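To start, the structure under review is shown below, and the notes come after it.
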Amino acid sequence: MRFLLNLSFRYKVPLWGSLLIVATATIISGTLLLRSYGELKSDLLRDATRQGRTMATTLFPAMLHDQVWRAYEIIKAPFGRESGDSPGQAESFVVLDQRGQVYVSTNPETLPMLADFGRFAPEFAALLETIAQPGSETRLLEPQGSDHLFVATPVREEHARLGTLVQIYSKKALHSRFQKSAGQAALIAVLVIVLLLPLGWYWGQRTAVPLVRLTERMEELGRRLPDDLAPELYDYQDELGRLYRAYNRTLHELREKAQIEGHMIHSERLAAIGRLTAGIAHEINNPLLGMLTALDTLRHHDELSPRTLKTLTLLERGLLQIKDTVGALLVEAKLKSRDFLPQDAEDVRTLIEPQARAQGVNLRWDSRLKAPLPLPSSSLRQVLINLLLNAIQASGPGGEVSVTITAVAIGSVDTTLAMVVVNGGRILTEMQTAHLFEPFADAEERGRGLGLWVCYQIVSQLGGNIAVDSEMRDGLGRTSFKVTLPIGARP
Amino acid sequence: MTLTRRIFLGACAALAMTPARPAYSAKALRVGMTPAFLHTQHGLLAEWRGYMEAKLKRPVEIVQRDSYRETMDLLRLEQLDFSWVCSYPYVYLRKQVRLVAVPLYRMEPYYRAYLIVSAKYPHIQGLAQLRGKIFAYADPYSATGYLVPRYQLRRMGEDPAKFFARTFFTYSHHKLIQAVADGLAHGGSVDGYVWDSLDALKPEITRRTLLVSQSPQFGFPPFVARRGVAEEDFAAVQEMLVMMRYDARGKELLQRLNLNGFILGHSNLYDKVAEMMRAFGED
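Residue numbers (the working numbering), protein chains in the order written: chain A, 5 to 495; chain B, 10 to 292.
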């Protein structure tokens, strides 16, 4: 039982539906059959009683005058010519005299005249006993376990009783008639079931499948954000339909929240890294400058052996390299720089094109700048160059890199600068995307691995945003970096 | 039965309204018919009446009764002018009636009694084997259907009143055959002429009976007139009957009656019947 209750709705709903259909069909046809059997029987008995009384009345004078043939004609008349298994058709009629002998019967062969009626069968003997008791007019007798129904009517007038008319009906005829109608009813029930079951099954599936899908999604919810439920799966306004829409709404909100959280974590991490690196860089820079100054001072002393000088130069070169690296980490947008001119973009193009050509990369340039923008030109040039160098390297020989630079204007005032660099080739992995703007994230592949870090720092400091989109489109990789910077909001 | 009678009455009414039927002024002749033949052939009876009226040029009324006794009473009470009666009633009423004509059956004025048993009891080969059985009689005033078997039993030294376990009357030879065919009675004695006629008309009934033995022949049931009937009426009816077989219409009716004609008979044709009656102290 528990097993049945634990079944999936996919099976349970159609199963219960089918069970209901079958039970309903069975109960209804059973009730109708039972009623029809009762009616069949009561009809038979009513007709038999009426017929028996009529016959008994006419039998009286025949018996009184001992007209056996007349009596035979009277009881034989209802049999007529039409024979068949109609339940109204009696098996035989017998007229018994007062001693329980057959006066005359419709079946002289089996129930001959003068024969002792009680000797034919135990049920007949029992019938005789019942008839012998004084009592009501017509009696209906249905001996237990007997194949027959008996209707006994006394042949009498006032107090003179001459005998008894016994109408014998076979239950078999009744049963066969009943079986026939039962068979028909069963056939109809089966037809109804055959018609209704697929409907019930379909309806059950229609309800259960959306529920099952919803359950599967809900169970996934703990592990990851599942997909949306296709609304066409259940496009109705009932509770299930509302549940669907509520689920989709919740899912949407969860996804948005997760995205925002992801962004926040990302930028917070980058900010933390930025602060850390800046702190470390400053801590290194101070002693470094001291060391370089000390080294310079030492070099201006004359009594240094050539061996010492060589060592000093080696030290200085090493310290300068540390200074360069630290300086690169310590990115600071050069806010005091002049405005960014359309010519600056063209300069970058001139600088990059030989590189692109050397790598066999086609560069598509689309700069729509017309007027100077109040943004630090040197920082912007650095961002653009870094992005382009990265793109050329990523796209590889035969690839294409496209650049689009536009100023978005509201009215006649430019409000945002958008620079989009797109390259083909391999797309970024999820892991790469997650750590893209961190320093040394990708050191092995792309030089020092500080290019994007620098870009991010500059764009952040300028209050802008840098977004990456790397995906397969029509079988080709496409990675784009989009930099947006607010104009005139110089901090 | 009722239906047939209704149809018969309807047919009579239709006949009465037919303008072709001449209106006879004279008093109607009343002719009685008994179950001596297949008296349920009402259509045939109606046609025969029409034939009689045409020949006699006067109305004829057919009177049918279900038992011989009633016809005999009607004759005695002078309610009938003529009647076709069984040989036993004729001998019984010999002093009150006159013999008009005797039918010719198979070219003889004789008939026989047939002892028949139900086809369900083929082992019964004769009257003796019917001891303690159920036996059907036709009519207490029937020669073939009552007198003959009783006479035969008497000759065998048996008491007819005790020989059978049970006897009953069907008041018609036709019904007697039916009773034996249904097995209601084990056997019965029947008018041979009726059995033969029925065998030709409805063999499905006679097939259920077995003809066990035939009696010697007796004078065929005659046409009689009451003593008081007018001489010219007697002569006219006698001539009409005797001449029947000489005209086409009469011949056709006779054929349907399964008879060859009527002849002038003599009462000594019935001496054998009278002898049997004497054996039972009657006559």
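Where is the CB? At the ideal position from N, CA and C, for every residue including glycine. All values derive from a computational prediction rather than experimental measurement.
Exposure of Gly141 (chain B) is indicated by the presence of fewer than 16 other C-beta atoms within 10 angstroms of its C-beta. Ranked by Cα distance from Thr110 (chain A), the first of A:Gly266, A:Thr134, A:Ala81 and A:His267 is A:Ala81.
At least one CB of chain A lies nearer than 7 Å to the CB of Phe177 (chain B).
With a 10 Å radius around the Cβ and a threshold of 16 neighbouring Cβ atoms, Val412 (chain A) comes out exposed. Excluding its 5 nearest sequence neighbours in each direction, Cys459 (chain A) has C-beta neighbours in its own chain below 7 Å: Val387, Asn390, Leu391 and Ile470, listed in chain order. Between Ile186 (chain B) and chain A, the shortest Cβ-Cβ separation is not below 7 Å. Membership of Val246 (chain B) in the alpha helix (DSSP H) is indicated by the continuous run Glu240 to Val251.
At the C-beta level, Phe97 (chain A) and Leu131 (chain A) stay beyond 7 Å of one another. Residue-level contact check: Pro112 (chain A) touches chain B, since one or more beta carbons of chain B fall below 7 Å from its beta carbon. Less than 7 Å separates the beta-carbon of Gly104 (chain A) from that of Phe121 (chain A). Contiguous beta strand (DSSP E) elements confined to the segment 298–330 of chain A do not occur, taking only those with 3 or more residues.
Judged by their CB atoms, Ile491 (chain A) and Asp418 (chain A) are nearer to each other than the 7 Å cut-off.
If one requires a minimum length of 4 residues, the alpha helix (DSSP H) runs lying completely within the segment 394–471 of chain A are 434–438 and 455–465, in chain order. One finds Phe177 in chain B with Cβ atoms closer than 7 Å to the Cβ of Val72 (chain A), taken in chain order.
Straight-line spacing of the CA atoms in Glu79 (chain B) and Arg103 (chain B) works out to 17 Å.
In terms of Cα proximity to Ala190 (chain A), the closest of A:Asn10, A:Arg477, A:Thr28 and A:Gly21 is A:Thr28. With its beta carbon at least 7 Å from every one in chain A, Ile214 (chain B) lies outside the interface.
With respect to the C-alpha of Val170 (chain A), the residue from A:Arg181, A:Asp101 and A:Phe182 having the closest C-alpha is A:Asp101. Against chain A, the CB of Leu89 (chain B) has no partner CB under 7 Å away; the residue lies outside that interface. Cβ contact annotation for Ile277 (chain A) (same chain, cutoff 8 Å, sequence separation greater than five): Glu442 and Pro443, in chain order. Across the structure, Ile143 (chain B) and Leu266 (chain B) are spaced so that their CA atoms are roughly 31 Å apart. If you check each beta-carbon in the segment 112–134 of chain B against every beta-carbon of chain A, the ones closer than 8 Å belong to Lys129.
Of all residues in the segment 50–64 of chain A, none comes within less than 7 Å of chain B when Cβ atoms are compared. Annotation for Pro231 (chain B): no alpha helix (DSSP H) segment contains it, and DSSP assigns it neither H nor E. Taking 7 Å as the cut-off, the Cβ atoms of Trp57 (chain B) and Tyr123 (chain B) do not count as close. Contact note: Met117 (chain A) reaches chain B through Ile143, Ala174, Arg175, Phe177, Leu193 and Ala194, using a C-beta cutoff of 9 Å and chain order. Per DSSP, Met61 (chain B) lies in no beta strand (DSSP E) segment; the continuous alpha helix (DSSP H) that holds it begins and ends at His51 to Leu65. In chain order, Pro169 place their CB closer than 6 Å to the CB of Arg159 (chain B), counting only its own chain and leaving out the 5 sequence neighbours on each side.
Residue-level contact check: Tyr107 (chain A) does not touch chain B, since none of the beta carbons of chain B fall below 7 Å from its beta carbon.
Taking all protein chains in view, the Cβ of Ala145 (chain B) is crowded by 16 or more other Cβ atoms within 10 Å, so the residue is classified as buried. Bounds of the beta strand (DSSP E) holding Arg165 (chain A) are Ala164 to Ser174. Those residues of the segment 172–188 of chain A placed with their C-beta closer than 7 Å to a C-beta in chain B do not exist.
The segment 67–124 of chain B is shown to contain whole beta strand (DSSP E) runs of 3 or more residues at 69–73, 91–93 and 106–113, in chain order.
For Asn10 (chain A), the enclosing alpha helix (DSSP H) stretches over residues Arg6 to Asn10. Note on geometry: alpha-carbon atoms of Val157 (chain B) and Phe177 (chain B) lie some 15 Å from one another. In this structure, A:Tyr238 is the residue among A:Asp70, A:Ile264, A:Tyr238 and A:Glu265 with its C-alpha nearest to the C-alpha of Asn252 (chain A).
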